[in-house]
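Working notes, beginning with the structure itself.
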Amino acid sequence: MSDSSLRLVWVYPDLLSTYGDQGNALVVERRARQRRLNVSRIDVRSDQPIPTSGDIYLIGGGEDRPQRLAAERLRRDGGLNRAVANGAIVFSVCAGYQILGHEFVNDLGRPEAGLGLLDVVSVRGEGERCVGDVLADIDPRLGLPPLTGFENHQGVTHIGPSARPLATLRIGKGNGTGDGTEGAYNDTVFGTYMHGPVMARNPQIADLLLKLALDVNALPPVDDQWYEALRTERITAAGQPA
Amino acid sequence: MAGNSEPLTPRAKLAVTAGKAAAAVSRAAGRGSGSVIGGRVALRVDPDLLARLAGHLDVVLVSATNGKTTTTRLLAEALRANGPVVSNALGANMPAGITSALAGGADARYGVIEVDEKYLAGVARDVAPKAIALLNLSRDQLDRAAETRMLAEHWREGLSGTDAIVIANADDPLITWAASSCPTVVWVAAGQEWKDDAWSCPSCGGVLQRPSEDWFCGDCGFRRPAPTWALSGDHVIDPYGVAWPIRLQLPGRANKSNAAVSAAAAAAFGVEPKVALERMYAVQAVAGRYDVVTYLERELRLLLAKNPAGWLETFSLIDGPPTPVILSVNARGADGTDTSWLWDVDYTRLAGHPIYVIGDRKLDLAVRLEVAGLDFRVCADVDEAVRSAPPGRIETIANYTAFQDLRRRVGN
Ligand SMILES: [Zn+2]
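Protein sequence lines, in the order shown, are assigned to chains A and B. Reading the first sequence from the start, the letters are residues 0 to 241 in numbering that gives the first Met the number 0. Reading the second sequence from the start, the letters are residues 0 to 411 in numbering that gives the first Met the number 0.
Now the structure itself:
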């Protein structure tokens, strides 16, 4: 990016903002402004075209039918794929994470094509719904502290060779595959099952997205006392029975 | 129709007695009113008891995500104009609690029953209500409740053959969709401040268009029905176009909306709007909500807000800055254990108020307020929060179990 303005795109709040995941947009926006960056946040409803000139795209979780509708509309629109081809950063949660993969199981029980932006395939889990606090270690390549989040899903996501697990689980179900992985990422596209919302509990992820978008190695520090207090509390809580 | 025209069967009588005994034991053991345990025991002795108890009553059911307890109170007051009412006034709104409440109303003519959203279709089948009032549907208790639209779907199927007159809020697309399968619907323009659950057409999934107060789906033509009753400012407009003033002790737009739906429902039982609305003035507080208590030389107004729509309505009724606000949030079983809904609440509405944060999940709230750019203070408990605030009125907003904690502490 050549100037100090940053375009943050919140994808389909009418379909995919059920689980407080718009908090991710609020946290990224707030932390950018605290660094005196010029931010414009663009909320794109599902009857509007996805702008292709955004820097960071955020996609949240949602219910089963809205997830299918969102996938249909995103495929038809094509804008998100063009944005990623232009180098945009995408961060997705739960239903949004599944949509970014090659395929997931829709509300009608049938395979639904995703956007193929992340090398994952999701199916419906057979067992109980995964609900509760999660604790995991983020891939050391990303240089981030432990991941804390709240999961609430029944998906099982298998990671292909061109994506890497975002984190290794200490507590929780994560990708639901039983291999101890949670989430997935490649160079610019990230997916996780973590709600909470995840940025509120892991503001370092918001900073990572900002650094990638701005192509810088470091950002000025901000006061993280409340985030840190919350992280400590939730990391402790994850280790205790509900 | 009044009174106990059809006597209970011996089995039903036994069930009522067993339930009362269990409730008495529970009360003696210091475990609350015992109404739920009593109802559970009674239903085990006679599973058809609910239907039998309701048999001699003209029943109206009330359901919604927000406002059902208050509306039940308002409507019960209105119907008392015509005869004795039995009601689950304390909000025990699942079958056991409802059974227990009805068992105490042998001499009643009307049953005004609040029903949990998940049980509405089943209870409607059991008690053959004369009317059903449906106020609003929005996200609530995310980690365990059925999806909001699924709930609307469940109502739509469960109520499609009902003989009841359904009084429904035409301004809520999910309510409209749920009710539009019913043979007889009285549409009330009761308003809807929270719109985030109503951008997606419940029928086809298209994007709902919402020009001013209207709404419609451009894809399938599903649209807001023409209301026959309406809330208009401080008045209820009846089907003849007559405006009746709403005078309530309860604050806020949401309670005017509850009063409008209650007036329309009362009319289905032959109670004139004038009479119904005048009687509603008597309702002062509902299970501690809206109560003002003096505590540590301050006046605390106790406000319950359980979900994003409820918080939004509550922000619109509190006194403006610089009135201090205490916020308390828990995430115990009855609240839902996920706090992510905090991010669906627009806390910037509290800008200018001194804010004090308490409750089990005060740190979640602290991060939320930090990101909203607000000044706030995290306190160990309500005492510290109250002492930190200047003397005078304090608005205290809490979610479900936090509200119960608060009532216990401040002696309400
Ligand atoms: Zn439609």
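Where a beta carbon is used, it is the ideal one built from N, C-alpha and C, also for glycine. The structure displayed is predicted, hence computed values, not measured ones.
Where residue i sits in the DSSP three-state scheme
{"i": "ASP382 (chain B)", "result": "helix"}
{"i": "ASN80 (chain A)", "result": "helix"}
{"i": "HIS234 (chain B)", "result": "strand"}
{"i": "ILE164 (chain B)", "result": "strand"}
{"i": "SER62 (chain B)", "result": "strand"}
{"i": "ALA228 (chain A)", "result": "helix"}
{"i": "ILE393 (chain B)", "result": "strand"}
{"i": "ARG6 (chain A)", "result": "strand"}
{"i": "GLU296 (chain B)", "result": "coil"}
{"i": "THR191 (chain A)", "result": "strand"}
{"i": "ARG376 (chain B)", "result": "strand"}
{"i": "TRP243 (chain B)", "result": "strand"}
{"i": "TYR96 (chain A)", "result": "helix"}
{"i": "THR227 (chain B)", "result": "coil"}
{"i": "ILE49 (chain A)", "result": "coil"}
{"i": "VAL366 (chain B)", "result": "helix"}
{"i": "GLN403 (chain B)", "result": "helix"}
{"i": "ILE137 (chain A)", "result": "strand"}
{"i": "ARG163 (chain A)", "result": "strand"}
Cα-Cα separation between residue i and residue j, rounded to whole angstroms
{"i": "SER315 (chain B)", "j": "ALA253 (chain B)", "result": "9 Å"}
{"i": "PRO48 (chain A)", "j": "SER161 (chain A)", "result": "28 Å"}
{"i": "ALA276 (chain B)", "j": "THR231 (chain A)", "result": "Note on identity: in this sequence residue 276 (chain B) is Leu, with Ala being the wrong assignment. Taking the straight line joining both Cα atoms gives about 52 Å."}
{"i": "TYR18 (chain A)", "j": "ARG360 (chain B)", "result": "17 Å"}
{"i": "ALA401 (chain B)", "j": "PRO9 (chain B)", "result": "43 Å"}
{"i": "VAL122 (chain A)", "j": "PHE103 (chain A)", "result": "6 Å"}
{"i": "THR176 (chain A)", "j": "GLY182 (chain A)", "result": "11 Å"}
{"i": "LEU299 (chain B)", "j": "ILE354 (chain B)", "result": "14 Å"}
{"i": "ARG6 (chain A)", "j": "ASN87 (chain B)", "result": "52 Å"}
{"i": "ARG169 (chain A)", "j": "ASP132 (chain A)", "result": "11 Å"}
{"i": "ASN85 (chain A)", "j": "PRO139 (chain A)", "result": "27 Å"}
{"i": "VAL291 (chain B)", "j": "LEU247 (chain B)", "result": "15 Å"}
{"i": "ILE88 (chain A)", "j": "LEU15 (chain A)", "result": "18 Å"}
{"i": "LEU78 (chain B)", "j": "VAL61 (chain B)", "result": "14 Å"}
{"i": "ASP382 (chain B)", "j": "ARG209 (chain B)", "result": "44 Å"}
{"i": "ALA135 (chain A)", "j": "GLY190 (chain A)", "result": "14 Å"}
{"i": "SER438 (chain B)", "j": "LYS305 (chain B)", "result": "The structure shown does not extend to residue 438 (chain B), since chain B is modelled only from 0 through 411, so no value can be given for it."}
{"i": "GLY240 (chain B)", "j": "ALA189 (chain B)", "result": "15 Å"}
{"i": "ASN257 (chain B)", "j": "LEU134 (chain B)", "result": "7 Å"}
{"i": "ASN411 (chain B)", "j": "GLY309 (chain B)", "result": "21 Å"}
{"i": "ALA264 (chain B)", "j": "VAL114 (chain B)", "result": "16 Å"}
{"i": "ILE66 (chain B)", "j": "ARG223 (chain B)", "result": "At residue 66 (chain B) the sequence reads Gly, which differs from the Ile that was named. Spanning the two alpha carbons is a distance of roughly 21 Å."}
{"i": "ASN174 (chain A)", "j": "PRO196 (chain A)", "result": "17 Å"}
Cβ separation of residue i and residue j, assumed to be a contact under 8 Å, to the nearest whole Å
{"i": "GLY124 (chain A)", "j": "VAL155 (chain A)", "result": "5 Å"}
{"i": "LEU146 (chain A)", "j": "ASN201 (chain A)", "result": "6 Å"}
{"i": "TRP228 (chain B)", "j": "LYS273 (chain B)", "result": "Contact doesn't hold; Cβ gap of about 14 Å is too wide."}
{"i": "LEU364 (chain B)", "j": "LEU326 (chain B)", "result": "6 Å"}
{"i": "VAL260 (chain B)", "j": "ASN168 (chain B)", "result": "7 Å"}
{"i": "LEU101 (chain B)", "j": "GLY110 (chain B)", "result": "6 Å"}
{"i": "GLY114 (chain A)", "j": "ASN80 (chain A)", "result": "It is worth fixing the name first, because residue 114 (chain A) is Leu in this sequence and not Gly. LEU114 (chain A) to ASN80 (chain A), Cβ: 6 Å. Contact."}
{"i": "LEU42 (chain B)", "j": "ALA95 (chain B)", "result": "6 Å"}
{"i": "ALA17 (chain B)", "j": "VAL40 (chain B)", "result": "5 Å"}
{"i": "ARG278 (chain B)", "j": "ALA80 (chain B)", "result": "6 Å"}
{"i": "ALA205 (chain A)", "j": "ARG30 (chain A)", "result": "5 Å"}
{"i": "LEU136 (chain B)", "j": "ASP171 (chain B)", "result": "6 Å"}
Proximity test, Cβ basis, 9 Å: residue i and chain B
{"i": "PHE90 (chain A)", "result": "no"}
{"i": "GLU111 (chain A)", "result": "no"}
{"i": "PRO242 (chain A)", "result": "Since the first residue of chain A shown is 0 and the last is 241, residue 242 (chain A) is not available in this structure."}
{"i": "THR235 (chain A)", "result": "no"}
{"i": "GLN203 (chain A)", "result": "no"}
{"i": "TYR192 (chain A)", "result": "no"}
{"i": "ARG40 (chain A)", "result": "no"}
{"i": "TRP225 (chain A)", "result": "yes"}
{"i": "ALA84 (chain A)", "result": "no"}
{"i": "TYR242 (chain A)", "result": "Residue 242 (chain A) lies beyond the range of chain A shown here (0 to 241); nothing can be said about it."}
{"i": "PRO12 (chain A)", "result": "yes"}
Proximity test, Cβ basis, 9 Å: residue i and chain A
{"i": "GLY309 (chain B)", "result": "no"}
{"i": "SER339 (chain B)", "result": "yes"}
{"i": "TRP198 (chain B)", "result": "yes"}
{"i": "ALA80 (chain B)", "result": "no"}
{"i": "VAL206 (chain B)", "result": "yes"}
{"i": "GLY160 (chain B)", "result": "no"}
{"i": "ALA365 (chain B)", "result": "yes"}
heavy atom of ligand 2 below 8 Å from residue i C-beta
{"i": "TYR226 (chain A)", "result": "By its list of ligands, the structure shown excludes ligand 2, since it contains just ligand 1."}
- prompt: Residues near ligand 1, CB to any non-hydrogen atom under 5 Å, in chain order?
  reply: B:CYS200, B:SER202, B:CYS203, B:GLY205, B:CYS216, B:ASP218, B:CYS219, B:PHE221
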